[in-house]
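Structure first, commentary second.
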Amino acid sequence: MLHLNKLTKQYATGDMALKSVELEIPKGQVVALIGPSGAGKSTLIRCINRLVEPTSGSVTLNGKELTKLGSSALRQARRRMGMIFQEYALVERLTVMENVLSGRLGYVGFWRSFLRKYPQSDVDEAFRLLERVGLDHMADKRADELSGGQRQRVGIARALIQDPELLLVDEPTASLDPKTSRQIMRLICELCAERDLAAIINIHDVALAQMFVQRVIGLRFGEIVYDGPPDQLKPETLTEIYGEEDWEATIETINEDDEAEQGGVA
Amino acid sequence: MSTSMTASRKWRKPPMIKNSLMRWVLIFGCLIYLALAFGSFDVKWARVYEGLDRGWQFILAFAKPDFLSRKSDIIDGMTESAIMTITSTACGILISIPIGLGAARNIAPLPVYLVCRGIIAISRALHEIIVAIILVAIFGFGPFAGFVTLSFATIGFLAKLLAEDIEDTDRSQAEAIKATGASWWQWVTYGIQPQVMPRLIGLSMYRLDINFRESAILGLVGAGGIGATLNTAFDRYEFDTASAIIIMIIVIVMLLEYLSGIIRARLQ
Amino acid sequence: MAISIDKNSQKIWAVRDRNTQLTRWFVYFVAVTVIMYCWQTISEATTWFFVLDAPRIAGDIGGRAMPPKWPYINELWKPLWDTINIATIGTVLSLIIAVPIAFMAARNTTPHHIFCRWPALLIIVSTRSINSLIWALLLVAIIGPGIFAGTIAIAVRSIGFCAKLLYEAIEEIDEKQVEAIKATGASRWQVIAYGIVPQIMPSFAGISVFRWDINIRESTVLGYVGAGGIGLQLKASIDVLAWPQVSLILLVIFAAVILSEMVSAKVRAAII
C-alpha cells in the first residue's frame, strides 16, 4: 500500500537524514521504527506526508505518487494520513472537541471550519471517537487543561477522524509515564486493528515496540539496518542500531513485562 | 453500542462569556457605543476631498525630500533634539534607579514605596506635551524645559519597569546574600543588581529611542528640538522639507533600534 | 572573571581582567564626556536667571491655578467624550490594518520575504517612529482640523506599534501545533485560523488594550494641534492664561488616564 522508493533527504545544513530508504508497507500492518536520536525517524515519517520535503526518491500511497503532487492535491492526500505527535501538538487554546474536529479540516470549507459549523455527521463521528478513547465527557474542556495521556488520546481521535488509511505516529509515548505509555500504545494498535489501518510508529522504547507491533524497522544514520519481526531482534542487532550496550537485560525484561501485563490494564 | 445515543448529539463551540444575558448586553453595548462614537464624528467630506490633493503632494514630497533649503534650521533642530535626548536619558536613568528601588515593594518600606509610586503615577499619566507646556511656562522657552520634561517622563517609564523587575527577582538568590550577613547596600548590589542589570540596560536603550522620538514634538510647544522646524514646515505647506525631517527621524530611530538590538544581544 | 598569578606566585582574583577593565573605563569616560558636552550646550542655550527664578514663578502659577474652576467642568464633558472616541476608534482602525501587516511581517507567515515582509517592516518602522502628534499635525494640514484628523493620527501611529508586537508574537508561536493542523490536509487559511490565531489571541487582546490605554493618554494632547479632544480646551486656556481652568483640565486628564489604566489592567488580567 505504502511504498518508499530510494527516499533521500539532505538538509540545508548538509546532513544526510535519509539515505535512499526502500520500504514497503502492506495494508493493515503496524510497523515500529526504532533507532537512536538523529537516525532520521522523524524525518522519515515527515517525508511521507511531506511536512518535510524529500530531496529525492518517491513516496507512493495506493499507487499515487505523493512526491509529485501539487499543493492542493497534496492537501487531499494528507487527509488520508493521520498523524500523531510526540508532544501531542494539540491547539492548546481550543477545546477538545475543536481539536478533534480539526481533523476534518481537509474535508470542510474555510468558512464552515471558521464558524465551527461542521456537518452533523462529523460531530457524531467526533463524539464516537471521543467515547472510544474514553474522553466523551471532556468535549468542552480546553486542551491545556488535560493531562498528558488525555491529550494524546485527543491527538489520536484527531488523527482517526480524518478517516485515514495510514497513521504516522511520531514518538507517541516519549512524554508519558510508563503506564500511560503502554495504554496509549495499546490503544493505537487496537484502533489500527479495528479499522485495518497501516501505521508507522516512531518509538525509542524498544521493549514497548516489541510488545505491540508486528514488524520492526531499525534505522541508523538514515539507513535501514533491520527489518523483521520483533521477536527476532537480537542483542547484536540492537548493538548495530544503537551502539554497544548490554541488551540482554532489556530483552528479558520485555518478556517478563509482557507476562505481567497479560491480565493487566484494559 | 451508543451510536444511536450520540447520533443526534449537537455540538456548538462553547461561548466565551458563559452568561448569555451578559453576553448580549456586552455586544449591544459595544454596538451602541460605536454608533454613538461614529455619530459624533461629523466629518467634513468636502474638506477631506479638498485635502486629498495636498495629501498626495505630501506623499510625492517623500520622493524628493528637500534637505537643503532649510539646512541650517534642520541641523540646529536635530542637534538640539539629540542633545536633549542624551542628557535627559542619562539624567532620567540616574533618578530612576533610586525611585525604582523605592517603588519595589520587596525592598522598600511602605511610606517610601507610596511616595515613589505616586511620582511614577504622575509621570506616566501626564503626556510629555502637557509637562512641557507647564515647564515652558515656568522655565521659559528653550531646550532646558525639554530636558526636564524628558527626564521626568523617563522616570515614569524606567522606574516603573525597574520596580516590577526587582519585584520579580529570584527570592532565593537575594536570600542567599542576606544569609551571608550582608548590609542593605551589599544585599542590593549582590542579590538584586546582577539580576536586573541586563534588562535595565536594555530598557535604557529603549528609552533613549523613545526620548528621541518625543524630543521631535517638544518643539511644538517651544521646548526645543526639531519639532519647531517641523511645525514651521507644515504651517508653510513646505512638504518637501517636512518629509526630509520625517525621513531623518525614521532613519535615526531605525539606527537606534538596530544599535540597541546589538547591545541587548551582547548582554545576554 | 580573571585569575592571575603575581610575582610571589600568589593567585590574584579580580572580577575582570585588565583589558576588559580598561575598555570599561574607556566606555565610561566617553559616555561621561559626551553627556557633559551635551549638558554644556543646553546650559548655554538656557537663561539661567529664569531657571533660578523658576520656584517663584512655579509658586506664582500654582497659586493662581488654585482652586480649580469647578463650574468649567460642564464645558469639558464633550471634549472628554471626543478624546475617548478618538482613542477607541483609532485603536480599532489601527488593529484592522495592523493584523494583516503583522502576518506579512512575521517570518513564519509572510507570503514572500522580499515583496511582503520588507514593505510590511517599512510600514511598521515608519508609522512607529513618528509621534502621533506629528501625524496629527500633518493630517490637520491635509484634511483640516477636527476629531477625524485626530482619529486617523492615532490609528496611523498605532499601526506600527501593534503590528510589531503582534508579529513578534506570531514568530514565537509553537510550530508543532501548526504542523499538526497542516498534517490534517488543512488549507493555508485554515492553518492560520486553527494553528496560529488561537495561539496569538491572548497577545492580541493584551496588545489592543495596552495600546488603547496609551492612546487615551496621547489623545488628550491632540487638540493642541487642532485635532480634536480635550487638548483644544487646554491650549485655549493656556493661551489666555486661565490657570484655574488649566488646573481643572489637568485634573480631568489625570483622572481619565488613571481610569483607563485601571480598566486596561483589569481587562488584561481577565484575559490572561
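Protein chains in written order, with the working numbering: chain A, -6 to 259; chain B, 314 to 581; chain C, 50 to 321. Heads up, the beta-carbon is just placed ideally off N, CA and C, and yes, glycines get one too.
- Among the bridge pairs identified by DSSP, V24(A) is matched with I193(A), R208(A).
- Using a CB distance below 8 Å, the part of the region 27 to 48 of chain A facing chain C consists of N42, L44, ordered along the chain.
- Contact annotation for S143(C) against chain B: no contact, minimum CB-CB distance about 15 Å [criterion: below 7 Å].
- G199(C): member of the alpha helix (DSSP H) spanning 196 to 220, first to last residue.
- By the CB criterion at 8 Å, A136(C) and I208(C) fall outside the cutoff.
- Looking at the DSSP output, R135(A) sits in a beta bridge with T88(A).
- The beta carbon of E164(A) is closer than 6 Å to those of Q79, N195 in its chain, skipping five residues each way along the sequence.
- Not a single C-beta of chain B is nearer than 8 Å to the C-beta of W167(C).
- The beta carbon of P223(A) sits closer than 7 Å to those of A202, Q203, V206, V209, all from its chain and outside the five residues before and after it, given in chain order.
- By the CB criterion at 8 Å, V258(C) and R317(C) fall inside the cutoff.
- Taking 8 Å as the upper bound for CB-CB distance, T140(C) and N264(C) are in contact here, some 5 Å apart.
- Residue state for E58(A) is assigned as strand, using DSSP reduced to three classes.
- Residues of chain C whose Cβ lies closer than 8 Å to the Cβ of R367(B) are, in chain order, A190, I191.
- Below 8 Å, too few C-beta pairs join the region 38 to 52 of chain A and the region 86 to 105 of chain A to call them touching: fewer than three.
- Under DSSP, L67(A) forms no beta bridge with any residue.
- DSSP, reduced to helix, strand and coil, places W324(B) outside both helices and strands of the structure shown, so it counts as coil.
- Judged by DSSP secondary structure, E216(A) falls outside any alpha helix (DSSP H) and instead within the beta strand (DSSP E) spanning 216 to 221.
- For the C-beta of A232(C), the chain A residues within less than 7 Å are, from N- to C-terminus, N42, L44, R71, M76.
- Closer than 8 Å to the CB of W497(B) there is not a single CB belonging to chain A.
- For the region 152 to 198 of chain A, the continuous beta strand (DSSP E) assignments of 3+ residues that do not extend past its boundaries occur at 159 to 163, 191 to 195, in sequence order.
- For the region 221 to 255 of chain C, the set of residues with a beta-carbon nearer than 8 Å to any beta-carbon of chain A comprises D223, K225, Q226, E228, A229, I230, K231, A232, T233, G234, A235, S236, W238, Q239, A242, Y243, G244, P247, Q248, M250, P251, in chain order.
- Nearest C-alpha to L290(C) among L580(B), I451(B), E570(B): I451(B).
- With respect to A472(B), V444(B) sits apart: the two C-beta atoms are not nearer than 8 Å.
- Interface annotation, R322(B): in contact with chain A, CB-CB separation under 8 Å.
- For V116(A), the closest C-alpha among the options D239(A), I154(A), G99(A) is that of I154(A).
- The Cβ of E183(A) sits no closer than 8 Å to any Cβ of chain C.
- Scanning chain B for C-beta atoms nearer than 8 Å to the C-beta of E217(C) yields nothing, as the closest lies near 13 Å away.
- Per DSSP, reduced to three states, the secondary structure at S13(A) is strand.
- When the five nearest sequence neighbours on each side are left out, the beta carbons in the same chain lying within less than 8 Å of the beta carbon of K231(C) are those of V240, G244, in order along the chain.
- For a Cβ distance threshold of 7 Å, residue set L186, L187, A190 of chain C lies close to F547(B), ordered along the chain.
- I442, I443, I446, A450, I451, F452, G453, G455, P456, F457, F460: these are the residues of the region 442 to 462 of chain B whose beta carbon lies less than 7 Å from some beta carbon of chain C, given in chain order.
- If the five residues before and after I433(B) are omitted, its C-beta is found closer than 8 Å to the C-beta atoms of I412, A416, I468, G469, A472, K473, A476, all from its own chain and listed in chain order.
- Contact between I181(A) and R213(A) is absent: CB atoms are separated by about 24 Å, not below the 8 Å threshold.
- Legend: CB atoms of the region 122 to 134 of chain C lying less than 9 Å from CB atoms of chain B belong to residues K127, W130, D131, I133, N134.
- Residues of chain A with a Cβ closer than 7 Å to the Cβ of K331(B) do not exist, since the nearest Cβ in that chain sits about 11 Å away.
- What E80(A) touches in chain C, judged by beta-carbon distance under 8 Å, is K225, going in chain order.
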